[in-house]
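Remarks on the structure that follows.
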Amino acid sequence: MKLRIAIAGIVACVLTLGLGLVAPVVTAPPAEAVTKISARKLLRQLPVASETNKGYDRSAFPHWIDTADKDVCDTREEVLIQEAIRAPRVTASTCAISGGKWRSKYDRVTTTNKSTFDIDHVVPLKEAWASGAKRWTKSTRKQFANDLGYRATLIAVSASSNRSKGAREPHQWMPPNRAYHCTYVKQWIAIKWRWSLKVNQKEKTYLRRQLDACDSVLVNKPRRAT
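The working numbering runs 237 ahead of the 1-based position in the sequence shown.
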């Protein structure tokens, strides 16, 4: 009996080592404040000024970099892993992602093919540039473009909805999924507050009106970006 147990243990170890070549990468969720705050309060604190995207170039925001958690996954891959509604298998040595399932919050599209999904900057890079990021150092813009410190900043959505959105502000584009509207505007406000970005008057008026239609205006309070 003891011999059988010993043999079974050896077999289990061998199988574990073999299967370890492709194993789920357990990524802890990024540190994020759990204190709730009124999105209205955050909106009132945002500076109001005209915006211009003159001089914008996407290369000013280095993105999809290797993250600081000592694995081989870049920012895009980290978000795909976090956003999966069915956990994918991830090759530990290369962060190759297989399996898994995702649902786009913007339009409720569901997929098992990650190549049909984009990682969206909820506040687009071009919008951030126009709202104040043009005055940042390239290092700070890199931090913004790869921000895993506030979960709402980067989300996995269908490529079609992301392309439809482009760099437009909420008064110019809202997700087709109307049930997500309140969440979207609250997160937009919170991200702008986190990074001390400004809003223009039309944008602020629209955001305020959208909040008026929400059952709750509470949002996870982000920490100010360093």
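Don't be surprised by glycine CBs; every beta carbon is placed ideally from N, CA and C.
As the structure is a prediction and not an experimental result, all values here were calculated from the model.
Please look up how many angstroms separate the CB atoms of Y293 and W366, rounded, as I've assumed it's under 8 Å. Numbered from its first residue, the sequence shown carries residue 293 at position 56. Numbered from its first residue, the sequence shown carries residue 366 at position 129. Y293 to W366, Cβ: 5 Å. Contact.
Here's a check: name, in chain order, each residue in its chain whose Cβ is nearer than 6 Å to the Cβ of C419, leaving out the five neighbours to either side. As a position in the sequence shown, residue 419 is number 182, starting the count at 1. The answer, listed in chain order, is C451.
Among I302, D355, K402, whose alpha-carbon lies nearest the alpha-carbon of L385? Position 148 of the sequence shown, counted from the first residue, corresponds to residue 385. Of the listed residues, the one whose Cα sits closest to L385 is I302.
Helix or strand or just coil, what does DSSP make of I316? As a first step, residue 316 must be located in the sequence shown, where it is residue number 79. The sequence shown places Val at residue 316, rather than the Ile named in the question. Of the three classes helix, strand and coil, the one that applies to V316 here is helix, per DSSP.
Among residues of its own chain, excluding the 5 on either side of I322, which ones have a beta-carbon nearer than 7 Å to its beta-carbon? What you label residue 322 is simply residue 85 of the sequence shown in a count that begins at 1. Here the set comprises K338, W339, R340.
Look at R295 and L391 and say whether their C-beta atoms are less than 8 Å apart. Here the question's residue 295 lines up with position 58 in the sequence shown. Here the question's residue 391 lines up with position 154 in the sequence shown. Cβ atoms of R295 and L391: not closer than 8 Å.
Cβ pair E320, A393 closer than 8 Å: Looking up residue 320 in the sequence shown gives position 83. Looking up residue 393 in the sequence shown gives position 156. Cβ distance < 8 Å, so E320 and A393 count as in contact.
Could you tell me which of S453, R431, K423 sits nearest to E440, measuring between CA atoms? By 1-based counting over the sequence shown, the position of residue 440 is 203. Nearest C-alpha to E440: K423.
Which residues in the same chain have their Cβ closer than 7 Å to the Cβ of N290, if we skip the five residues on either side of it in sequence? On the sequence shown, residue 290 is found 53 positions in, with the first residue counted as 1. Correct list, in chain order: K363, W366, A367.
Just the Cα atoms here: how many angstroms apart are V316 and R345? What you label residue 316 is simply residue 79 of the sequence shown in a count that begins at 1. What you label residue 345 is simply residue 108 of the sequence shown in a count that begins at 1. Going by the C-alpha atoms only, they are around 17 Å apart.
Beta-carbon proximity list for W373, same chain, < 8 Å, skipping 5 on both sides: Here residue 373 is taken as the residue at index 136 of the sequence shown, counted from 1. Answer for W373: F381, listed in chain order.
Going by DSSP in three states, A324 sits in which element: helix, strand or coil? As a first step, residue 324 must be located in the sequence shown, where it is residue number 87. Residue state, collapsed to three classes: strand.
Considering only the beta carbon of each residue, do L448 and R277 sit closer than 8 Å? As a position in the sequence shown, residue 448 is number 211, starting the count at 1. As a position in the sequence shown, residue 277 is number 40, starting the count at 1. Cβ atoms of L448 and R277: closer than 8 Å.
When S398, H408, R281, A370 are compared against P299, the one with the closest alpha-carbon: Mapped onto the sequence shown, residue 299 falls at position 62. Among S398, H408, R281, A370, the Cα nearest to that of P299 is on A370.
Starting from the N-terminal side, write out each stretch of the beta strand (DSSP E) that is 3 residues or longer and does not extend beyond the stretch 396 to 423. none
Mind checking which residues open and close the alpha helix (DSSP H) that includes L385? Against the sequence shown, residue 385 aligns to sequence position 148. Premise fails: L385 is in no alpha helix (DSSP H) and is neither H nor E.
My assumption, with CB atoms under 8 Å, is that V436 sits in contact with L283. Please give the rounded CB distance. Here residue 436 is taken as the residue at index 199 of the sequence shown, counted from 1. Here residue 283 is taken as the residue at index 46 of the sequence shown, counted from 1. Right, the Cβ-Cβ distance comes to about 5 Å (below 8 Å), so this counts as a contact.
Can the beta-carbon of Y443 be found closer than 8 Å to that of S398? By 1-based counting over the sequence shown, the position of residue 443 is 206. By 1-based counting over the sequence shown, the position of residue 398 is 161. No, the Cβ-Cβ distance between Y443 and S398 is not below 8 Å.
In three-state terms, what does DSSP make of W339? Numbered from 1 along the sequence shown, position 102 holds the residue referred to as residue 339. Note: W339 maps to strand in three-state DSSP.
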